[in-house]
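J.:
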Amino acid sequence: MIIIMLGAPASGKGTQSAVVAQKLGIPHISTGDIFRWNIANNTPIGAEAKKYIDKGLLVPDELTINILRDRIEMEDCKDGFVLDGYPRTINQQESLDKMLEDCGKSIDMAINLVVTDEEVVRRISGRRMCKCGKAYHIVTYPSKKPDICDLCNGELYTRKDDTVEVANTRLDTYKKQSEPIIGVYREKGILVDIDGHKPQDKVSEDVLYEIHKYSSKQGVV
Ligand code: AMP
Numbered sequence: 002m003i004i005i006m007l008g009a010p011a012s013g014k015g016t017q018s019a020v021v022a023q024k025l026g027i028p029h030i031s032t033g034d035i036f037r038w039n040i041a042n043n044t045p046i047g048a049e050a051k052k053y054i055d056k057g058l059l060v061p062d063e064l065t066i067n068i069l070r071d072r073i074e075m076e077d078c079k080d081g082f083v084l085d086g087y088p089r090t091i092n093q094q095e096s097l098d099k100m101l102e103d104c105g106k107s108i109d110m111a112i113n114l115v116v117t118d119e120e121v122v123r124r125i126s127g128r129r130m131c132k133c134g135k136a137y138h139i140v141t142y143p144s145k146k147p148d149i150c151d152l153c154n155g156e157l158y159t160r161k162d163d164t165v166e167v168a169n170t171r172l173d174t175y176k177k178q179s180e181p182i183i184g185v186y187r188e189k190g191i192l193v194d195i196d197g198h199k200p201q202d203k204v205s206e207d208v209l210y211e212i213h214k215y216s217s218k219q220g221v222v
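Note that this note's numbering has the sequence shown beginning at 2, numbered continuously upward.
1. With a CB to CB cut of under 8 Å and the five nearest residues on each side skipped, what residues in its chain are close to Leu209?
2. Quick check: is any heavy atom of ligand 1 less than 7 Å from the C-beta of Pro88?
3. Determine, using beta-carbon pairs with one atom in the region 27-40 and one in the region 73-87, whether at least three such pairs fall under 8 Å.
4. How would you label Lys79, buried or exposed, when you count the other beta carbons within 10 angstroms and need 16 or more for buried?
5. Relative to the alpha-carbon of Thr170, which residue among Ser12, Asp55, Ile3 and Arg37 has its alpha-carbon at the smallest distance?
6. Helix, strand or coil for Met100? Go by DSSP, reduced to three states.
7. Look at the Cβ atom of Thr90, then the Cβ atom of Asp71, and state whether they are nearer than 8 Å.
8. Taking Cβ to Cβ, would you say Leu58 is nearer than 8 Å to Ala111?
9. For the region 39-56 and the region 87-104, state whether three or more C-beta atom pairs, one from each stretch, are separated by less than 8 Å.
10. Pair every Cβ in the region 149-163 with every Cβ in the region 127-140, then say whether three or more of these pairs are closer than 8 Å.
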């Protein structure tokens, strides 16, 4: 299955993509994680991406599209994947359709995690991350031991773009450049809206229920 996880920054895309990928046994592809890996490893791609990420802006399409193409052409993607944080522009959305069409594939479902603007800013300003990918919130979803990941004992950190100022720019960027994609997938009849305000486990239940419903209809899983 090919699943696209959509939603504003901090709507839960990373968390829910990880749950779905694990459940279906397919890769979880996050363009944000790919960029952060490149930044941490001082690659030329990282240096270019950092200029935009630190300001809350989108990395230019050309670079992002190439990275995505290289990733989904890998062997482990042949039975499907979950895309987290891609597409983020209409141009990326159109080029993804074309890439998939060229190899006889198409998107099965686009899942839209719906949260209010106030919730986005509240989540971003309290978010703590672990390098294993697990996300926490200092008030609503703290780790059991302060600053230590419950899953891997790694030390938690704050993403450089998780400040209130950058959060507002990211929200603005999302509304202008990424939100229109929701309409495209809705028109195609493959969009499912999920209330992203519920507790993480409940959101996962709702997401998995929708995937199950779709799969039963298609006989995919
Ligand atoms: P994320 O981890 O998905 O919140 O992404 C973090 C940042 O990486 C975003 O704010 C963008 O600057 C950049 N980024 C991630 N995915 C994309 C994309 N598909 N297009 C452009 N920029 C992206």
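All C-beta atoms in this analysis are idealised placements derived from N, C-alpha and C, irrespective of residue type, glycine included. As the structure is a computational prediction, the values presented were derived from the model and not from experiment.
T.: Taking the geometry as given:
1. Val20, Val21 and Lys24
2. Correct: Pro88 has its Cβ closer than 7 Å to ligand 1.
3. yes
4. exposed
5. Asp55
6. helix
7. no
8. Their beta carbons are not under 8 Å apart, which means Leu58 does not touch Ala111 by this criterion.
9. no
10. Result yes; three or more Cβ-Cβ pairs closer than 8 Å.
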